[in-house]
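Numbering-wise (the numbering used here), the sequence shown opens with residue 311 and increments by one.
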Amino acid sequence: KKSLRRIELRNTDNITSMQNGFSNSPSLREVILGDLTNCSTFRLAFNTCTSLEKVTLGKHTRVVDFAYMFQFCYALKEIVGELNLLVARGAASMFEGCSNLEKVSFAKDSINIDISLLSCQSLSRVSLISLFNGLAENGERTLNLSKYAFDNNFPEKKEQEEKTAELQQKGWKLVLG
Numbered sequence: 311k312k313s314l315r316r317i318e319l320r321n322t323d324n325i326t327s328m329q330n331g332f333s334n335s336p337s338l339r340e341v342i343l344g345d346l347t348n349c350s351t352f353r354l355a356f357n358t359c360t361s362l363e364k365v366t367l368g369k370h371t372r373v374v375d376f377a378y379m380f381q382f383c384y385a386l387k388e389i390v391g392e393l394n395l396l397v398a399r400g401a402a403s404m405f406e407g408c409s410n411l412e413k414v415s416f417a418k419d420s421i422n423i424d425i426s427l428l429s430c431q432s433l434s435r436v437s438l439i440s441l442f443n444g445l446a447e448n449g450e451r452t453l454n455l456s457k458y459a460f461d462n463n464f465p466e467k468k469e470q471e472e473k474t475a476e477l478q479q480k481g482w483k484l485v486l487g
């Protein structure tokens, strides 16, 4: 694990768990994973991969645990492929420490649990819009988001108020920090 720089796995459709799969791989910069339709957990999958810059994920519709998936991936800039949290029951600290994350997309209406991207100060406008579109209408949930990313991508007060109102209409509470 200490010398891995790039991993490409294509025939991944029989993998049922990615728990601790690549965690603590300090030299890892890029991971490409194929179809993960039988995978049920990404818990700690890339935790503390401090040099990881890019992850490409195949389909993953059965994942229930995203906790600590990218925690402390300080160099992570891009996640290719839509994150689908539709059946997720946990995403604690999923993005903690991902201050360089710019590009990430979420499947529409797939986020049914509280989620935090508080550390993600570098998120692009396209990524934030994808995040907002990914939030399902399902009652009271909380989205913790970087105030810097929000203000940077929606600099006009009116637009900020409109985005906040949209989230509230879906039943989401926006907490900026």
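Glycine is no exception: its CB is placed at the ideal position from the N, C-alpha and C atoms.
No experiment lies behind these values; they were computed from the predicted model shown.
Taking a contact to mean a Cβ-Cβ separation below 8 angstroms, would you say residue i touches residue j in this structure?
i, j, result
"R339", "E363", "yes"
"Y384", "N410", "yes"
"E388", "F416", "no"
"R435", "N463", "yes"
"A459", "S420", "no"
Among the options, which residue has its Cα nearest to the Cα of residue i?
i, options, result
"T326", "L386, S333, N348", "N348"
"N448", "F460, S429, Q478", "Q478"
"V374", "K483, A401, E450", "A401"
"I425", "V390, Y378, E318", "Y378"
"L314", "N330, Q329, S337", "S337"
"L428", "E450, L486, R451, T322", "L486"
"F442", "C408, G481, L319", "G481"
"G490", "S350, N321, L354", "In the structure as shown, the chain starts at 311 and stops at 487, and residue 490 therefore has no counterpart that could be examined."
"V390", "F332, K413, I439, R372", "K413"
According to DSSP, which residues form a beta bridge with residue i?
i, result
"N454", "S426, V485"
"V341", "I317, V365"
"D375", "T351, G400"
"V436", "DSSP, once it has assigned bridges, lists no residue as partnering V436."
"I389", "V365"
"I325", "None; I325 has no bridge partner."
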